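Numbering (our numbering), first residue to last: 264 to 549.
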């Protein structure tokens, strides 16, 4: 479709694919910036946090410029403002599947934006950090929570069902940077080692009615967006696992072996695995 073009303009989103990585066509990213009442946003934070509190500010790309402006005003009030970064995203920017792990760098974190999808990404990555939301449209400042018990219960149930399955469907996402072929190939290798049958399917969108056409598949594993399994996995009649969950399902003795050897372990929910993220867990050997 774009082979006859000299320039491709990407309007509104982040620069997830570096412009130097495109072949045969020039690429220009134009970020959208939505103006808000920054003074009201700043006043809300000042009214709820006192110096020397360390406050993290995050948002989507549309409001990142507002974070920078608010940071300057808040630091003049004595607050320590942090704009955490998960490269290649901009400082303070988060996605629905990608958020920085804050550790003890912040006492609290404020999400600037409407809705909960991106905010939940932040809370999933940082279950111990107090999360707040400022909606720039309603101008409401609220304390937010996430039900981790329900999350773990639903995902454990899906993994337990998957352990009894014999035929798996591997979904390779075709949107943007989704569908990592190396992950798909590794999952195929693990399934083959357990003598499991599988079929690979390429999909841009994942819906129950699409998957229902594959009647022979007992369990689905999607290499696309982890939030598909976390948020909507329970809506599918058959288990819809993430790659990590499949690894657990194929090796159900993992935690038991660790316990039998008196080894300590922690369970961490991650959408992406990078050295700097794992380095924050100094006590873990991985």
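Just so it is clear, CB atoms sit at the ideal spot from N, CA and C, and this is done for glycine as well. The structure presented is a predicted model; accordingly, all values stated were derived computationally and were not measured.
Could you work out which residue in the options is closest to residue i when comparing CA atoms only?
{"i": "residue 468", "options": "488, 497 and 317", "result": "488"}
{"i": "residue 359", "options": "294, 374, 316 and 369", "result": "374"}
{"i": "residue 435", "options": "324, 448, 459 and 457", "result": "448"}
{"i": "residue 461", "options": "431, 441 and 475", "result": "431"}
{"i": "residue 429", "options": "412, 388, 382 and 454", "result": "454"}
{"i": "residue 403", "options": "272, 300, 270 and 420", "result": "300"}
{"i": "residue 310", "options": "340, 298 and 292", "result": "340"}
{"i": "residue 288", "options": "268, 298, 463 and 275", "result": "268"}
{"i": "residue 433", "options": "477, 312 and 408", "result": "477"}
{"i": "residue 361", "options": "386, 329, 508 and 444", "result": "386"}
{"i": "residue 394", "options": "364, 451, 479 and 291", "result": "364"}
{"i": "residue 457", "options": "425, 442, 444 and 344", "result": "425"}
{"i": "residue 421", "options": "493, 452, 389 and 356", "result": "493"}
{"i": "residue 381", "options": "392, 390, 391 and 356", "result": "356"}
{"i": "residue 551", "options": "413, 335, 452 and 323", "result": "One cannot answer for residue 551 here, as it falls past the ends of the chain, which runs 264 to 549."}
{"i": "residue 452", "options": "419, 506, 475 and 414", "result": "506"}
{"i": "residue 423", "options": "463, 475, 442 and 481", "result": "481"}
{"i": "residue 409", "options": "384, 293, 513 and 291", "result": "384"}
Specify the secondary structure class of residue i as computed by DSSP and reduced to three states.
{"i": "residue 501", "result": "coil"}
{"i": "residue 343", "result": "strand"}
{"i": "residue 473", "result": "helix"}
{"i": "residue 426", "result": "coil"}
{"i": "residue 464", "result": "strand"}
{"i": "residue 350", "result": "coil"}
{"i": "residue 381", "result": "helix"}
{"i": "residue 277", "result": "coil"}
{"i": "residue 355", "result": "coil"}
{"i": "residue 393", "result": "strand"}
{"i": "residue 322", "result": "strand"}
With a 10 Å radius around its C-beta and 16 neighbouring C-beta atoms as the bar for buried, classify residue i as buried or exposed.
{"i": "residue 438", "result": "exposed"}
{"i": "residue 483", "result": "buried"}
{"i": "residue 511", "result": "buried"}
{"i": "residue 411", "result": "exposed"}
{"i": "residue 485", "result": "buried"}
{"i": "residue 295", "result": "exposed"}
{"i": "residue 337", "result": "buried"}
{"i": "residue 479", "result": "exposed"}
{"i": "residue 405", "result": "exposed"}
{"i": "residue 389", "result": "buried"}
{"i": "residue 444", "result": "exposed"}
{"i": "residue 270", "result": "exposed"}
Under 8 Å by Cβ, that's how I've got residue i and residue j pegged, so tell me the actual separation to the nearest angstrom.
{"i": "residue 397", "j": "residue 307", "result": "6 Å"}
{"i": "residue 504", "j": "residue 491", "result": "Their Cβ separation, rounded to whole angstroms, is 10 Å, which puts residue 504 and residue 491 out of contact at 8 Å."}
{"i": "residue 325", "j": "residue 297", "result": "5 Å"}
{"i": "residue 450", "j": "residue 509", "result": "6 Å"}
{"i": "residue 314", "j": "residue 342", "result": "6 Å"}
- Item | Inter-stretch contact at 8 Å, needing at least 3 Cβ pairs: the region 345 to 358 / the region 272 to 291 | yes
- Could you tell me whether the region 494 to 504 touches the region 470 to 479, using the rule of 3 or more Cβ pairs below 8 Å? yes
- Item | Sufficient close CB pairs (3 or more, under 8 Å) joining the region 300 to 320 to the region 364 to 382 | yes
- If we count Cβ pairs, one from each stretch, closer than 8 Å, do we get three or more for the region 365 to 372 versus the region 306 to 320? Touching, yes, given that three or more Cβ pairs across the two stretches are closer than 8 Å.
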